[in-house]
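Going left to right, the sequence shown walks through residues 6 to 328 as my numbering numbers them. Right, one structure below, let's go through it.
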Amino acid sequence: MVCKRCAQRYNIESKPGPCPVCHDIWNKLEQLKIEGRVGLRISGFNEEDYLFNPKSTLASDIRRFIEERNKIKWDYDNAETYVDINPEGYELEKGDLFLFGRYWKLKPMISQKRWKRKKFPSVEEIIGEELNKRYNSKQYYMHASGREDVDAMNWGGRAFVMELQKPEHFQEFRGVIEKDGVIALIYGRVPRSFVTLVSDSHFDKEYLCFHEELTSSEIEQLEKTFQNITIKQYTPTRVENRRARKWRFKRIYWVKAFPTFTYIKADAGAYIKELFHGDNGRTTPSFSEVIGREIYCKQLVVVKTWDFILDYLFKTHHIKSVY
Ligand SMILES: [Zn+2]
């Protein structure tokens with residue numbers, strides 16, 4: 006037979022003594038003090054013999070018991086604390102924090118992610134370490150929307166979500182981080198699911214390339230040829246060990262050329278360096294092909310990313326504090 010609380014739940018008779026269903030967990034749960042977003046995990050109880058009404062279960066009773074005594078919101082995906090409950094008692098585990106932001110890379114030779122063998126400083130480390138002064142998390146990961154080459158710069162801003170695992174607290178940080186040639190704007194807290202939204206996204210981009218001098222007739226040729234044109238690009242030689250080897254078709258929307266620099270608007274994932282030199286015919290048409298001599302993009306800069314939809318999505322996904 007079961008305790009009073011369980012008897013009431015299943016609408017059966019109670020009996021004094023240890024309860025075989027709830028294992029008198031309630032005394033222990035009285036000690037539990039939590040707040041914020043909480044994920045609940047219950048295991049090890051057996052109430053099958055008493056489950057006459059699936060709407061009134063031990064689990065739902067435990068939830069009610071906890072929420073009556075604590076200022077919390079049940080939110081498994083964005084939990085700040087996970088409560089593991091079993092017949093022995095309860096244990097608490099920290100959740101993870103996700104911050105949405107954009108970074109600007111104002112000098113070249115900074116990689117996006119940390120390297121196994123450290124060759125360059127990374128955007129991930131520069132921003133992650135600064136955030137960790139506030140959060141002291143166990144580990145951090147940057148999930149960005151695409152990436153630029155190590156030697157390229159980004160003056161247009163690139164969206165990312167920084168994952169901070171088991172931080173000391175969950176107070177939202179919004180603000181600017183500026184360090185070692187990287188600027189980051191942190192907009193605020195987002196759900197775990199925002200990571201895939203950002204890291205799976207692809208947006209058209211505008212680039213600025215610095216190059217050797219073009220003549221005015223070459224400028225004319227380039228601007229005329231690369232006007233709403235689809236180019237063919239076979240996986241570039243420099244990345245063929247990392248990327249699937251295949252032809253890709255990319256749109257070049259426009260080219261605005263000047264003697265020593267050129268602006269280009271292109272589809273997400275177009276290889277811009279190869280658009281210049283042609284990669285031995287693997288990119289066609291290319292600038293070299295059109296002007297009939299070799300020309301290289303000496304410095305590549307991302308100046309605009311058409312990702313403004315993410316700002317709208319941030320507004321609708323922003324996680325506000327429940328304290
Ligand atoms: Zn009981």
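The beta carbon of each residue, even a glycine, is placed where N, CA and C say it ideally should be. Small disclaimer: the values here were computed from a predicted structure and weren't measured.
- Secondary structure note for Cys11: its alpha helix (DSSP H) is the uninterrupted segment Lys9 to Tyr15.
- Under DSSP, Tyr268 forms a beta bridge with Leu213 and Lys261.
- The alpha-carbon of Ala273 is positioned some 51 Å away from that of Asp66.
- Counted as a single uninterrupted DSSP element, the beta strand (DSSP E) harbouring Ile236 occupies residues Ile234 to Tyr239.
- Taking C-beta separations shorter than 6 Å and ignoring five residues to either side along the sequence, the partners of Tyr146 in its chain run Glu168, following chain order.
- Secondary-structure assignment with DSSP links Thr62 through no beta bridge to anything.
- For Pro172, the number of other beta carbons within 10 angstroms of its own is at least 16, and it is reported as buried.
- DSSP places Glu40 within a strand segment (E or B) once states are collapsed to three.
- Residue selection by CB proximity (closer than 6 Å to any heavy atom of ligand 1) returns Val7, Cys8, Arg10, Cys11, Cys24, Val26 and Cys27 in chain order.
- Contact between the segment 253-267 and the segment 184-203 is absent: fewer than 3 CB-CB pairs across the two stretches fall below 8 Å.
- When only Cα atoms are considered, Ile132 and His207 end up about 22 Å apart.
- Taking a C-beta distance under 7 Å as the contact criterion, Phe105 and Val7 do not qualify as a contact pair.
- DSSP links Gly180 through a beta bridge to Ile191.
- Only residues of its own chain outside the window of five on either side were considered, and among them none has a CB closer than 6 Å to the CB of Lys229.
- Per DSSP, Asn51 lies in no beta strand (DSSP E) and is assigned neither H nor E.
- Contact between the segment 115-123 and the segment 204-222 is not established, with fewer than three Cβ pairs separated by less than 8 Å.
- When C-alpha distances from Cys302 are compared across Ile314, Asp316 and Gly283, the shortest belongs to Gly283.
- Secondary structure at Phe105: strand, using DSSP grouped into helix, strand and coil.
- Fully enclosed alpha helix (DSSP H) runs of no fewer than 4 residues occupy 128-140 of the segment 124-158, in order along the chain.
- By the criterion of a C-beta distance shorter than 8 Å, Met158 is surrounded in its chain by Lys110, Leu111, Lys112, Pro113, Gln304, Leu305, Val306 and Val307, once the five residues flanking it on both sides are discounted.
- DSSP places Asp89 in the uninterrupted beta strand (DSSP E) bounded by Thr86 to Asn91.
- The Cβ atoms of Asp89 and Arg42 do not sit closer than 7 Å to each other.
- Remark: C-beta atoms of Gly44 and Tyr95 do not approach each other more closely than 7 Å.
- Judged by DSSP in its simplified three-state form, Tyr95 adopts strand.
- As a beta-bridge residue in DSSP terms, Glu168 pairs with Phe103 and Tyr146.
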